[in-house]
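Throughout, our numbering is defined as the position within the sequence shown, counted from one, plus 6. Where a beta carbon is used, it is the ideal one built from N, C-alpha and C, also for glycine.
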Amino acid sequence: MIAGAATPATPIHAVSPATLDAFLAGAGADADAAGWLADSGFTGAAGAVLAVPGPDGRRASVVLGTGDPGKASPLVAGALSAALPAGDYRLASGFDDPAAAALAFALGAYRFTRYRDGDAAPRLVIPEGVDAERIGRIADGVYLARDLVNTAANDLGPAELAEAAEELADRHGAAFSVTMGDALAEGFPMVHAVGAAAVPARGPRLIDLTWGDAAAPKVTLVGKGVCFDTGGLDLKPSAGMLLMKKDMGG
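Pasting the structure below:
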């Protein structure tokens, strides 16, 4: 996901419809590259990714369409890591917010590999002045949530979710506890009632993580950790069930 600063890398140029003419005129492309872009029909549309070959026919640079300036998403650079082959890249020009672009690139590089090996993802040289550790922390958190959401229902029940939370707590020095069974029924009856129909091995539980300076202001985040089973009644039409696993993102 992140390459070292000294790594040779393919330059990436961000181009919008408004800046395309200047780019083609030579502000960011030589005559051969400009001809390639024009013949390829590149317009700067949001999310468009085009590799530009050099004289030897190999990839010399990449252009990313960012769309109209007033409508451009700060995460449009996520299209890069979804479209580009493995390799090392760097942000060269046209990126108004390099930090947002780097984060988008990192998020787009996610691969779910629990059940099969994924293709190698492209890597980005983090731009100077951008906090690479912060980008990595955010991406790691999103990757963890996506891994949990994408894990098959038979492999991720309440017990496995609690294990994942405990591993996270251990990694960051947080206090971890789980309330379940009679203690859950007595202390959190509504939580217990929601999952009471589950088989005992998949009984509901309340997972608690506490981290930080005890003297600092307290912030409490409450999430609904949904775990699906593989049977039961499908009470929704297929269109309503298609993305139900995203409920686990809570």
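Alpha carbon to alpha carbon, how far is residue 172 from residue 160?
20 Å
In the DSSP assignment, find the unbroken beta strand (DSSP E) run with residue 59 in it and report its ends.
55 to 59
Consider the Cβ of residue 149: report whether some Cβ of chain B lies at a distance smaller than 8 Å.
Structure shown: chain B not included; a single protein chain is present.
Distance, residue 184 Cα to residue 5 Cα:
Nothing can be reported for residue 5, as the shown portion of the chain is limited to 7 through 256.
Which residues share a DSSP beta bridge with residue 183?
214
What are the boundary residues of the beta strand (DSSP E) that residue 132 is part of?
Note, residue 132: premise wrong, no beta strand (DSSP E); not H, not E.
I need the straight-line Cα distance from residue 213 to residue 191, nearest angstrom please.
14 Å
Since I believe residue 50 is in contact with residue 72 (beta carbons under 8 Å), could you give me their beta-carbon distance rounded to a whole number of angstroms?
7 Å
Endpoints, the alpha helix (DSSP H) within which residue 17 is located:
Careful: residue 17 lies outside any alpha helix (DSSP H), inside the beta strand (DSSP E) at 16 to 21.
Count the C-beta pairs between the region 44 to 61 and the region 108 to 126 that are closer than 8 Å, then say yes if the count reaches three, no if not.
no
Could you pull out every unbroken alpha helix (DSSP H) segment of at least 4 residues lying fully inside the region 109 to 183, listed in chain order?
138 to 156, 164 to 178
Short of 7 Å in beta carbon distance, which residues of its chain neighbour residue 23, apart from the five on each side in sequence? Order them along the chain.
49, 50, 74
Terminal residues of the continuous beta strand (DSSP E) containing residue 71?
65 to 71
Residue range of the alpha helix (DSSP H) that residue 87 falls in?
84 to 89
Span of the alpha helix (DSSP H), counted from its first residue to its last, around residue 99:
Element bounds for residue 99: not the alpha helix (DSSP H) but the beta strand (DSSP E), 94 to 99.
Pick from 155, 122, 80 that is closest to residue 230, judged by C-alpha positions
155
For residue 98, collect the residues of the same chain with a Cβ closer than 7 Å to its Cβ; drop the 5 residues on either side in sequence, then sort them by chain order.
17, 18, 19
Start and end of the alpha helix (DSSP H) containing residue 245?
244 to 247
DSSP three-state assignment for residue 224, whether helix, strand or coil:
coil
Shortest alpha-carbon distance to residue 178 belongs to which of 215, 186, 165, 196?
215
Test item: CB-CB of residue 90 and residue 128 under 8 Å:
yes
Would residue 157 be called buried (16 or more neighbouring beta carbons within 10 Å of its own) or exposed?
buried
Using 10 angstroms around the beta-carbon of residue 187, count the other beta-carbons present and answer buried if the total reaches 16, otherwise exposed.
exposed
For residue 67, the nearest candidate out of 204, 21, 162 (CA to CA)
21
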